[in-house]
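83 is the number of the first residue of the sequence shown in the working numbering; add one for each residue after it.
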Amino acid sequence: MKFEVNRDVFSEAVSFAVKLLPQRTTLPILSGVLIHADGDRLTLSSFDYEVSAQTSISAQIDDPGTVLVSGRLLNDIASRLPNAPVTFTTEDSKISVSCGSAHFTLLSMPVEEYPTLPEIGPQTGVIPGDAFSEAVSQVAVAASRDDVTPVITGVQLEVGDNDLSLIATDRYRVAVRTIAWDSGRVGSDPLHALVPARTLQEVGRTFGSASTVSVSISGNSDRELIAFHADDKTVTSLLIKGNYPPVRRLFPENVNDHAVINTAELVEAVRRVSLVLEREAALRFSFTVDGLTLEAIGSEQAQASESISALLTGEETVVSLKPAFLLDGLNAVHSEFVRISFTKTENPNKPGPVLITGQTSQEAAATDGYRYLLQPNLLLR
């Protein structure tokens with residue numbers, strides 16, 4: 083094999099191919115990147131039996147062929163090459179990478195032992211890249227990081243004819259975002275796909291600048307697969323098996339009591355007041371007709387409080403919320419104002435979850451379909 087390729091194009095392609103590779107694997111062969119050169123296209127692929135990535139770029143190919151090389155090592159090299167064309171040649175089991183005055187010699191891995199990439203089924207639908215990327219960033223943060231319950235470490239995709247909903251929960255909060263999408267079908271049965279949150283976050287970041295992202299959901303009960311494709315890049319992932327908890331029913335249909343606050347002011351106040359908190363401690367939020375007061379009772383040496391403006395509708399309320407979880411929801415509200423709505427339980431000393439949504443102004447609710455439900459801690463006294 084022999085080819086020459088633009089340094090920046092090659093580095094970006096290698097980086098994409100290795101992003102989803104596992105940090106550690108019991109099979110060293112799965113840490114490799116498969117490079118296939120043919121015609122004027124160079125295809126780079128990675129696959130660990132759960133997630134695959136593949137991209138194609140233009141190159142001047144003198145000798146076609148296929149080679150397998152350590153992915154992370156090649157990525158480290160490609161990202162630090164000087165500003166010059168990259169020449170890549172192979173001879174027997176050795177790989178030569180030259181760029182300007184830099185030269186590297188690597189050992190190839192056995193291509194014949196590398197697994198075949200999964201086949202992609204027919205297209206399920208198409209979605210704008212920027213809307214998809216925003217929705218993923220808003221929702222995936224609420225997915226659980228505890229592998230003890232794998233089903234909630236994913237993001238549930240609920241596919242309709244004209245919309246796509248993303249749902250995530252870790253039992254302490256639930257995030258939902260619904261966006262428009264084109265399935266090209268009418269009256270079809272709804273589809274569900276439970277995608278690992280880490281994979282979906284990487285897909286969202288990678289395809290955020292694409293005009294459209296094609297999504298394919300296929301397979302059988304033994305091996306269900308989802309694929310995302312845009313701009314000569316493809317990512318596939320096995321779906322998580324199991325039934326997702328029915329968290330939609332936790333959202334209240336109507337909430338009368340709520341407060342509207344400037345999002346940036348609330349974020350800064352939470353960050354300041356929580357400086358004195360010990361780990362896992364909560365902030366006390368007192369909503370009154372005079373505004374919002376935040377209070378933190380840290381150690382004996384440090385306490386803090388701050389008051390900011392808030393427009394309250396309904397009864398005065400006091401709730402206790404973990405600042406990190408609250409900030410995740412606030413940072414996902416991409417609007418100038420935020421509405422915090424209060425639900426009630428039969429026990430007056432145990433407030434219900436708070437519902438966080440966007441507000442385009444103090445009077446007008448946002449229409450972006452984003453909702454974030456956060457369970458309070460026990461009421462502070």
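Beta carbons are placed, not taken as given, at the ideal position from N, Cα and C, and that holds for glycine.
query: Applying the criterion that 16 or more other CB atoms from any shown protein chain within 10 Å of the CB defines a buried residue, is Glu-216 buried or exposed?
result: buried
message: Cutting at 8 Å between CB atoms, please list the residues of its own chain near Thr-251, excluding the five before and the five after it.
response: Ala-224, Ala-225, Ser-226, Ile-234, Ala-257, Pro-327, Val-329
message: Can you give me the C-alpha to C-alpha distance between Ala-262 and Asp-245, rounded to a whole angstrom?
response: 4 Å
- prompt: Which residues does DSSP pair with Val-151 in a beta bridge?
  reply: Val-115
message: Taking the straight line between their C-alpha atoms, what separation do you get for Gly-290 and Val-218?
response: 10 Å
query: For Ile-249, which three-state DSSP category applies?
result: strand
- request: Determine, using beta carbons only, whether Asp-471 and Ile-143 come nearer to each other than 8 Å.
  value: Residue numbering for the chain in the displayed model covers 83 to 463; residue 471 lies beyond these limits and cannot be assessed.
query: Which of the three DSSP states, helix, strand or coil, is assigned to Phe-310?
result: strand
message: Considering only DSSP beta bridges, list what Asn-344 is partnered with.
response: Phe-419
- prompt: Which one or two residues does DSSP pair with Lys-315 in a beta bridge?
  reply: Thr-137, Ala-312
- prompt: Helix, strand or coil: how does DSSP classify Thr-288 here?
  reply: helix
- prompt: Can you name the start and end residues of the beta strand (DSSP E) that Tyr-270 belongs to?
  reply: The amino acid at residue 270 is misidentified as Tyr; the sequence shows Ser. From DSSP, Ser-270 is part of no beta strand (DSSP E); its letter is neither H nor E.
task: Taking only runs that begin and end inside the region 182-218, name each unbroken beta strand (DSSP E) of 3 or more residues, in chain order.
output: 184-189, 207-210
message: Count Cβ pairs between the region 157-172 and the region 93-104 that sit closer than 8 Å; are there 3 or more?
response: yes
message: Could you pull the DSSP bridge partners for Pro-278 from this structure?
response: Gly-236
- prompt: My guess is that Leu-376 and Val-352 are in contact by the Cβ rule of under 8 Å, so how many angstroms apart are they, rounded?
  reply: 7 Å
task: Would you kindly work out how many angstroms separate the C-alpha atoms of Ala-464 and Ala-135, rounded to a whole number?
output: Beyond the ends of the chain as shown, which are 83 and 463, falls residue 464; an answer cannot be given.
field: Close-in-space but distant-in-sequence residues of the same chain around Glu-347 (CB under 8 Å, 5 per side omitted)
entry: Ile-390, Ser-391
Chain-order list of residues whose beta-carbon lies under 8 Å from that of Leu-461 (same chain, five-residue window excluded): Caution applies to Leu-461, whose pLDDT of 38 falls short of 50 and renders its modelled position unreliable; the value that the coordinates give is listed next. The answer, listed in chain order, is Val-400, Val-401, Ser-402, Asn-431, Lys-432, Pro-433.
query: Excluding sequence positions up to five away, which residues of its chain have a Cβ less than 8 Å from the Cβ of Ser-417?
result: Thr-345, Gly-440, Gln-441, Thr-442, Ala-448, Asp-450
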